[in-house]
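Written out below as structure tokens is the structure these notes cover.
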Amino acid sequence: MNYSDILKNESYRFIQSDEHLGRHVILLGLAGSYSYGTNNENSDIDVRGVTLNRKSDLIGLTSFEQYVDTQTDTTIYSFMKMITLLLSCNPNTIELLGLNPEHYLYLHPLGQELIDNAPLFLSKRAIHSFGGYADAQLRRLQNALARDSYPQREKEQHIFNSVKNAMYDFRKRYEPFENGSIRLYTDKAVNPDFETEIFVDTSLTHYPLRDYKNIWNEMNNIVKDYDKLGKRNRKKDDNHLNKHAMHLIRLFMMAVDILEKGEIRTYRREEQPLLLQIRSGHFQKADGTFRDEFYEMINEYEKKLDSAARNTALPDEPDMKQIQEYVMSVNEKAVCDTEFNSPVFL
Numbered sequence: 001m002n003y004s005d006i007l008k009n010e011s012y013r014f015i016q017s018d019e020h021l022g023r024h025v026i027l028l029g030l031a032g033s034y035s036y037g038t039n040n041e042n043s044d045i046d047v048r049g050v051t052l053n054r055k056s057d058l059i060g061l062t063s064f065e066q067y068v069d070t071q072t073d074t075t076i077y078s079f080m081k082m083i084t085l086l087l088s089c090n091p092n093t094i095e096l097l098g099l100n101p102e103h104y105l106y107l108h109p110l111g112q113e114l115i116d117n118a119p120l121f122l123s124k125r126a127i128h129s130f131g132g133y134a135d136a137q138l139r140r141l142q143n144a145l146a147r148d149s150y151p152q153r154e155k156e157q158h159i160f161n162s163v164k165n166a167m168y169d170f171r172k173r174y175e176p177f178e179n180g181s182i183r184l185y186t187d188k189a190v191n192p193d194f195e196t197e198i199f200v201d202t203s204l205t206h207y208p209l210r211d212y213k214n215i216w217n218e219m220n221n222i223v224k225d226y227d228k229l230g231k232r233n234r235k236k237d238d239n240h241l242n243k244h245a246m247h248l249i250r251l252f253m254m255a256v257d258i259l260e261k262g263e264i265r266t267y268r269r270e271e272q273p274l275l276l277q278i279r280s281g282h283f284q285k286a287d288g289t290f291r292d293e294f295y296e297m298i299n300e301y302e303k304k305l306d307s308a309a310r311n312t313a314l315p316d317e318p319d320m321k322q323i324q325e326y327v328m329s330v331n332e333k334a335v336c337d338t339e340f341n342s343p344v345f346l
């Protein structure tokens with residue numbers, strides 16, 4: 001199948017007609033199940049892309065971040081918005097730089113240049129961005145399942161992982177712990193109803209009260225959200241439930257690749273049979289919950305991610321000097337209004 005023919009459909013005419021898109025578009029690609037190799041007969045076509053900021057966005061009074069068309073499930077990010085997301089190793093945008101060649105629907109030379117510069121954006125930030133997304137998928141699963149069947153020890157570990165991911169983000173939004181520390185860990189429970197429990201060691205001096213309050217509120221809300229899940233019991237249909245389970249494992253796979261090999265590999269050719277098994281419900285029991293093997297798989301991937309994080313050769317942060325030089329070279333072309341051929345899709 002020639003996927004680029006998708007854009008010849010009349011419903012994608014907005015790409016040519018919108019003032020922010022048209023000749024400014026530098027990359028369009030498949031997203032979702034088709035890009036992962038996990039699509040089935042029920043899968044929709046998702047399109048993601050990148051368009052240059054216009055001259056007026058960069059040195060004038062206009063602004064533009066993204067274009068969303070809900071009818072075709074298309075999202076096209078401005079170049080500057082894309083750079084911001086890539087700097088944080090956002091999984092939904094990082095994966096756009098690691099598609100199979102046939103899954104790029106349109107690729108301008110500047111789009112190819114963005115793909116070629118993908119290594120610039122890979123850093124240890126991926127540990128927390130992919131970990132956070134994986135945690136969100138897990139919580140969706142737990143929200144859909146009867147929590148009585150979920151072992152308390154595993155529940156506590158996942159709460160711990162959620163709080164740990166949140167703490168990574170605290171340093172960006174709150175005063176750093178220069179005069180002390182907050183240390184989280186799990187240990188044998190004091191609570192007689194628990195097997196293991198999360199503990200905290202805190203030592204802070206001269207710390208802003210409001211930041212302290214907000215940090216504890218966020219931690220408390222994470223714990224409360226998990227506790228509420230056990231009282232909900234809102235079943236999702238099997239298709240969505242297994243899709244969440246599949247994406248959870250896929251996120252771990254991608255994160256390990258990035259940390260161990262410095263590679264963005266969106267299409268999971270080698271793991272495709274396993275992912276399709278998960279999506280088809282192979283690990284789901286008759287009562288709608290998941291078999292022990294699935295939770296064991298999660299635990300194994302968490303260990304792999306932890307090992308990859310401890311041993312990765314990736315830098316702590318992206319090289320901002322190199323990225324700035326690259327971004328300025330692209331934006332200079334946009335400001336100078338260098339001639340771009342308008343892509344013809346229709």
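Heads up: the sequence shown runs through residues 1 to 346, numbered per the numbering used here. For glycine and all other residues, C-beta sits at the position ideal for the given N, C-alpha and C.
Annotation: the continuous alpha helix (DSSP H) that includes Leu-248 extends over 238-261.
According to DSSP, residue pairing for Leu-184 in a beta bridge involves Val-200. Rounded to the nearest whole angstrom, the C-alpha separation of Met-297 and Thr-62 is 49 Å. For Arg-265, DSSP assigns no beta-bridge partner whatsoever. Between Tyr-212 and Phe-199, the C-beta spacing is not below 7 Å. A distance below 6 Å between beta-carbons, with the five flanking residues on each side excluded, links Leu-96 to the following residues of its chain, in chain order: Gly-29 and Arg-48. Note on geometry: alpha-carbon atoms of Ser-56 and Leu-85 lie some 22 Å from one another. Contact check for Asp-46 against Asp-73 passes: the beta carbons are separated by less than 7 Å.
Per DSSP, the continuous beta strand (DSSP E) segment holding Gln-66 begins and ends at 66-69. In the displayed model, Ser-78 falls within a strand according to three-state DSSP. A straight line joining the alpha-carbon of Glu-19 with that of Tyr-104 spans about 22 Å. Around the beta carbon of Asn-311, fewer than 16 other beta carbons sit within 10 angstroms, so the residue counts as exposed. Assignment of Gly-49 by DSSP, reduced to helix, strand and coil, places it in the strand class. When the Cα atoms are used, Pro-208 and Asn-165 turn out to be separated by approximately 22 Å. As computed with DSSP, Tyr-104 is found in a beta bridge with Gly-29. DSSP, reduced to helix, strand and coil, places Phe-170 within a helical segment of the structure shown.
Of the residues assessed, Asp-238 falls on the exposed side of the cut-off, its CB having fewer than 16 other CB atoms within 10 angstroms. Taking C-alpha positions only, Ile-159 is separated from His-24 by approximately 44 Å.
Sixteen is the threshold: when 16 or more other Cβ atoms of the shown chains lie within 10 Å of the Cβ of Glu-156, as they do, the residue is buried. By DSSP's assignment, Phe-290 forms a beta bridge with Gln-284. With respect to Ser-33, Asn-39 sits close: the two C-beta atoms are nearer than 7 Å. Glu-195 is positioned such that its CB atom lies no closer than 7 Å to that of Gln-137.
The Cβ atoms of Asn-117 and Ala-334 lie no closer than 7 Å to each other. Exclusion of the five residues before and after Lys-81 leaves Glu-65 and Gln-66 as the residues of its chain whose Cβ lies within less than 7 Å of its Cβ. Close CB contacts of Glu-293 within its chain, under the 7 Å cut and outside five residues either way in sequence, are with Phe-283 (chain order).
Boundaries cannot be given for Ala-189, as no alpha helix (DSSP H) includes it and DSSP labels it neither H nor E.
For Pro-91, the number of other beta carbons within 10 angstroms of its own is at least 16, and it is reported as buried. The stretch 301-319 makes contact with the stretch 247-261: 3 or more CB pairs, one atom from each, lie closer than 8 Å. For Gln-112, the closest alpha carbon among the candidates Thr-93, Leu-120 and Ile-26 is that of Ile-26.
With a 10 Å radius around the Cβ and a threshold of 16 neighbouring Cβ atoms, Ser-329 comes out exposed.
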